[in-house]
Amino acid sequence: MHDNHRRALDALAAQLQRAPDMLGLITAGSVAQGRARESSDVDVFLLVTDEAYERRKRNNDLTYFNREVCDYEGGYIDGKIVSLELLQQAEARGSEPTRAAFAGSEVVFSRLPGLQAIVDRIPIYPEGGGQDERCVSALSFGNAACPVRRPNRSCP
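Sequential numbering of the sequence shown, starting at 1, is according to UniProt numbering.
Right, here's the structure in full:
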């Protein structure tokens with residue numbers, strides 16, 4: 001992670017910690033996956049209370065945008081609002097794109113013990129979760145890339 005991204009995340013975490021309905025800040029995208037350029041935006045998930053999530057959902061307000069905390073030209077933070085229930089569902093039965101969205105994610109701040117462990121498990125398919133069959137299917141169509149791999153496992 002570039003220093004400018006770390007500064008932006010630290011500044012955002014300081015802001016969010018003052019809001020009682022904010023439970024956590026989780027990195028996503030190129031910053032989380034180690035692919036970011038210095039000029040890249042910062043993608044995040046903002047974990048909010050169930051009540052705040054439902055209120056925002058009713059108001060169709062489940063995205064977040066902030067230029068103020070970035071000290072580099074063109075920098076901004078772009079995020080999605082999530083609840084603990086959504087994270088737990090992603091861990092238990094998330095789609096490949098959902099699981100991939102959490103690859104490399106780091107919890108920057110959390111009011112919930114164990115949040116990093118939940119986030120770490122989201123990209124990992126549970127045993128018997130069908131990942132091997134999806135890899136075989138993808139390979140049969142000429143796609144040699146396995147989208148999400150379990151630790152110590154490889155696609156057939």
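Every residue gets a Cβ at the ideal spot worked out from N, C-alpha and C, and that includes glycine.
Proximity of residue i and residue j at Cβ, strictly below 8 Å
i	j	result
T98	K80	no
L16	L25	yes
F45	V69	no
A32	E96	no
P126	A103	no
D50	G29	no
Y76	N66	yes
Paired residues, beta bridge with residue i - DSSP
i	result
A28	D43
F65	D78
Span separating the alpha-carbon of residue i from that of residue j
i	j	result
A13	G34	20 Å
M1	Y72	14 Å
L87	S39	29 Å
N59	V48	15 Å
L84	R111	12 Å
P113	K57	25 Å
P147	F109	Note that P147 scores a pLDDT of 48, beneath 50, so its modelled location is shaky and nothing firm can be said.
Residue i Cβ short of 7 Å to the ligand COA heavy atom set
i	result
L23	Although the ligand COA was asked about, the structure shown includes no ligands whatsoever.
Exposure of residue i, with buried meaning 16 or more beta-carbon neighbours within 10 Å
i	result
L115	buried
A19	exposed
D41	buried
G74	exposed
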